[in-house]
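Asks: Below is one structure. I have some questions about it.
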């Protein structure tokens, strides 16, 4: 079936599962790999000699078809290595093995979690809130791994009270662009961030409120 629209998987007709009262519980779709199974990228040993060794059924969450969880049941090819005796499985390019969800659902959850509360995103996608939190955490870590920002000409600092805590924020005032947010606004935390701004000599104007801590740090670093 082509309606699934996953390039590496073919699917049977979905199975609609209801409870005794006729309420929709979940949708199950049985799938198989299109064409020959993709050999695993990370082999089990230096000289692998892989032999087919049956299949294993794995349940993977996908975008919901109906207002209920949708699961793909994939017959995943298993291999046994003749060299080391280890067992490995075929690559599934459409699947995120860390969370056992499709990659497109992972992208949807990450995007929703940046615009909605975790609880609201979980309800919208018919998944658990803990899954949304895990996906967002890994998404954020990836996005922020190598993040840095330039020192603007007009540098503005302030704090914003979020979830009971004062979070330090700084911005490019002329462009109206948020540059960074820190979990606290104490002098030690802010000073550590200022230390990392290599081109801070480019700052000409420093904008702040009346908190003396910002004034002290501005004189030290700018």
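In the numbering used here, the protein residues as written are 3 to 224. Virtual Cβ for every residue (Gly too), placed ideally from N, Cα, C. Please read these numbers as outputs of a predicted model, since none were measured by experiment.
1. Note the first and the last residue of the continuous alpha helix (DSSP H) segment covering residue 133.
2. Residue 62 and residue 73 - do their beta-carbons sit closer together than 8 Å?
3. Rounded to a whole number of angstroms, what is the C-alpha to C-alpha distance between residue 165 and residue 186?
4. Comparing alpha-carbon positions, which option in 7, 49 and 40 lies nearest residue 31?
5. On the criterion of 16 or more Cβ atoms from any shown chain inside 10 Å, does residue 79 qualify as buried, or is it exposed?
6. Relative to the alpha-carbon of residue 69, which residue among 167, 54 and 19 has its alpha-carbon at the smallest distance?
7. Please look up how many angstroms separate the CB atoms of residue 201 and residue 153, rounded, as I've assumed it's under 8 Å.
8. Ignore the nearest five residues each way along the sequence and tell me which others in residue 223's own chain have a CB closer than 7 Å to its CB.
9. Measuring only the C-alpha atoms, how far is residue 3 from residue 133?
10. Taking 7 Å as the limit between beta carbons, can you name the residues of its chain near residue 141, skipping five residues before and five after?
11. Between residue 49 and residue 33, is the Cβ-Cβ spacing less than 8 Å?
12. Below 8 Å on the Cβ atoms is my guess for residue 64 versus residue 104; work out the distance and round it to an integer in Å.
13. Check the C-beta distance from residue 182 over to residue 169 and give it rounded, since I have them as a contact under 8 Å.
14. Identify the continuous alpha helix (DSSP H) that holds residue 117 and give its terminal residues.
15. What residue does the beta strand (DSSP E) around residue 183 start on, and which one ends it?
Replies: On the basis of the supplied data:
1. Membership of residue 133 in the alpha helix (DSSP H) is indicated by the continuous run 131–146.
2. Yes, Cβ-Cβ distance for residue 73 and residue 62 is below 8 Å.
3. Separation of residue 165 and residue 186 (C-alpha to C-alpha, rounded to the nearest whole angstrom) is 12 Å.
4. Closest by alpha carbon: 7.
5. Its Cβ being crowded by 16 or more others within 10 Å, residue 79 is buried.
6. Nearest option by C-alpha distance: 19.
7. The Cβ separation is near 5 Å, so the contact holds.
8. In chain order, 196 and 202 place their CB closer than 7 Å to the CB of residue 223, counting only its own chain and leaving out the 5 sequence neighbours on each side.
9. Because the pLDDT at residue 3 is just 47, under 50, the model does not fix this residue reliably, and the point stays unresolved.
10. Around residue 141: 112.
11. No, they are not a contact pair.
12. So it is a contact: roughly 5 Å between Cβ atoms.
13. Residue 169 and residue 182 do not touch by the CB rule: their CB atoms are close to 10 Å apart, not below 8 Å.
14. Counting along the chain, the unbroken alpha helix (DSSP H) around residue 117 starts and ends at 105–117.
15. From DSSP, the beta strand (DSSP E) with residue 183 extends over 179–184.
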